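Working notes, beginning with the structure itself.
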Amino acid sequence: MPLNKIVLRKLKMRLKDPFVTSFGKTQDKEFFIIEAKDPDSNAGYGESVAFTVPWYTEETVKTSKHIIEDFLIPILKSSIIHHPNEVTELFRPIKRNNMAKAAIEGAIWDLYAKRENIPLAEALGGENGSIDAGISIGIKPSTQALIHTIEKALEEGYKRIKLKIKPDADVEVLKEVRAHFPDTPIMADANSAYTLEDIDHLKKLDDFNLMMIEQPLAHDDIVDHAKLQAHLNTPICLDESIHSVEDVRKAYELGSCKIINVKIGRVGGLTEAKRIHDFCREHEMEVWCGGMLEAGVGRAHNIALSTLPQFVLPGDTSSSSRYWEKDIIMPEVVTKHGVIEVPDKPGIGYDIDEEAIESFTEWVKEFPM
Ligand code: OSB
Ligand code: MG
């Protein structure tokens, strides 16, 4: 795969509504679009997902830039790549910084699929022509506002509702929500807001017939999660704790969770995400694709990944319009009756909206290969 240029483009886009979690609020999304170009004018696109503040994992927009410019691009420059699944190995000498790695690796996967003239979903071994869409709803100022948002999401057809919870907004909120929506598939995401000392409190969540509780305990824990899972009927899903297929294996062996949320950025790219998928398939663990409030390019990658057969639960990939007044891809991602149709064009299958991307661009830097 001949590479002749990498373009690093810094964007800033404003979310329609601030997204609130147990850690704080995100409204302006800053990120990079990576463009990997070959001599035949094919271009592959990747999107970085680290936030400006390291509240979710340790990476930030600035650490991503540092790692991409100073380490990952020089590695690419001095390497020959035959297939995108070699990139993970090439980047292995650089520890962690998975979101920086995934942004580049994603662009190379897209370029590869375009050169092969096949959809990215097919290049990854995907089997499904459409994916089920769920929605992740941030913490709202009141339970009434939350119930209203859930009503709207259900009218739009989303197949499951994820709510954010935290220690002073959990049991009472879920009690009211469950009373309003007795049969809706609902799950709760704590973004590591609890400790094992909260075990009796967390056991109360078993009353609400939740599909799962996502990342209740520390971002770097799998031991306490195993202790907690032994006391809960509700399945635990791990998000922040999972950075690799090795982490999934250990969580599986310890019994730390029953379900895995895969995020391409958190695990260092599509190749590792696929490995996690394969492990889960072999061990009959349910898996779904999480989200990082992505713009269109990252969203398109999530859609392609979600076509793999063990993605048996609806993910957090929703319509572009849920996040943005205007997205950077054409057409935008649309959910109809809770389903997103997977594009059948080569690569990510969506075109870049050049005018839109320009309007959100702060700067562009080019790296000849
Ligand atoms: O914990 O899954 C999470 C958003 C930002 C950071 C972490 C998380 C989330 C979400 C929203 O839940 C996912 C999305 O809609 O993209
Ligand atoms: Mg989460």
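Throughout, our numbering is defined as the position within the sequence shown, counted from one, plus 12. Glycine is no exception: its CB is placed at the ideal position from the N, C-alpha and C atoms. Remember, predicted model here, so these are calculated numbers, not experimental data.
Check: Tell me, to the nearest whole angstrom, how far the beta carbon of ALA135 is from that of TYR124; I am working on the premise that it is less than 8 Å.; Outcome: 6 Å
Check: Assuming ALA200 and LEU222 make a contact with CB atoms under 8 Å, what is their CB distance in whole Å?; Outcome: 6 Å
Check: Tell me the rounded alpha-carbon separation between GLU366 and ILE340.; Outcome: 7 Å
Check: I'd like to know whether the C-beta atoms of PHE291 and ARG261 end up nearer to each other than 8 Å.; Outcome: yes
Check: May I ask whether a heavy atom of the ligand OSB can be found less than 7 Å away from the beta carbon of SER330?; Outcome: yes
Check: So, with DSSP's three-state summary, where would you put MET223?; Outcome: coil
Check: Grouping DSSP H, G and I as helix and E and B as strand, with all else coil, what is LYS113?; Outcome: helix
Check: Pull every residue with its beta-carbon under 7 Å away from any heavy atom of the ligand MG, and keep them in chain order.; Outcome: ASP201, ASN203, GLU226, GLN227, ASP251, GLU252, ASN273, GLY302
Check: Would you call the region 346-358 in contact with the region 148-164, where contact means no fewer than 3 C-beta pairs closer than 8 Å?; Outcome: no
Check: LEU158 to VAL185, Cα distance in whole Å?; Outcome: 9 Å
Check: Relative to the C-alpha of GLU353, which residue among ASN54, ARG293, TYR57, ALA145 is closest?; Outcome: ALA145
Check: Could you give the first and the last residue of the continuous beta strand (DSSP E) run that contains ILE8?; Outcome: Outside the displayed range of the chain (13 to 381) lies residue 8, so it cannot be described from this structure.
Check: Kindly give me the distance between the Cβ atoms of GLY308 and SER332, rounded to whole angstroms, as I take these residues to be in contact under 8 Å.; Outcome: 6 Å
Check: Thinking C-beta only, is GLU226 closer than 8 Å to ASP251?; Outcome: yes
Check: Given a cut-off of 8 Å on the beta-carbon distance, is the pair ALA299 and HIS289 in contact?; Outcome: First, the amino acid is wrong: residue 299 is Val here, not Ala. In contact: VAL299 and HIS289 (Cβ atoms closer than 8 Å).
Check: I'd like the list of long-range same chain contacts for PRO380, defined as Cβ closer than 8 Å, with 5 residues on each side in sequence excluded.; Outcome: ASN16, LYS17
Check: Starting from VAL351, follow its DSSP beta bridges and name the residues at the other end.; Outcome: ASP144, LYS348
Check: Give the DSSP-derived three-state secondary structure of TRP121 in the structure shown.; Outcome: helix
Check: Consult DSSP for THR72 and reduce its assignment to one of helix, strand or coil.; Outcome: coil
Check: Round the Cβ separation of THR319 and GLY36 to the nearest angstrom and send it over; I've been treating them as touching at under 8 Å.; Outcome: 33 Å between Cβ atoms; not a contact.
Check: Could you pull out every residue in the same chain whose Cβ sits closer than 8 Å to the Cβ of ILE130, ignoring the five residues on either side in sequence?; Outcome: PRO358
Check: Have a look at PHE193 and LYS174 and give me their C-alpha separation to the nearest angstrom.; Outcome: 13 Å
Check: Under the criterion of a Cβ to heavy atom distance below 7 Å, does MET111 qualify as lining the ligand OSB?; Outcome: no
Check: Below 7 Å, is the gap between the Cβ of GLU306 and the nearest heavy atom of the ligand OSB?; Outcome: yes
Check: Taking Cβ to Cβ, would you say ASP219 is nearer than 8 Å to PRO179?; Outcome: no
Check: Around the Cβ of ILE92, are there at least 16 other Cβ atoms within 10 angstroms (buried) or fewer (exposed)?; Outcome: exposed
Check: Any idea what DSSP makes of ASP212, helix, strand or coil?; Outcome: helix
Check: With DSSP collapsed to three states, give me the class of PHE372.; Outcome: helix
Check: Can you tell me where the beta strand (DSSP E) holding PHE43 begins and where it ends?; Outcome: 36-49
Check: List the DSSP bridge partners of VAL65.; Outcome: In the DSSP output, where bridge partners are listed per residue, VAL65 has none listed.
Check: I want to check one thing, is the minimum distance from the CB of PHE31 to the heavy atoms of the ligand OSB below 7 Å?; Outcome: yes
Check: Which residues mark the beginning and the end of the beta strand (DSSP E) in which ASP29 is found?; Outcome: 17-33
Check: So, helix, strand or coil for PHE291, using DSSP?; Outcome: helix
Check: Report yes if the C-beta distance between VAL376 and VAL19 is below 8 Å; otherwise report no.; Outcome: yes
Check: Bridge partners for ILE149 per DSSP, in chain order?; Outcome: LEU175
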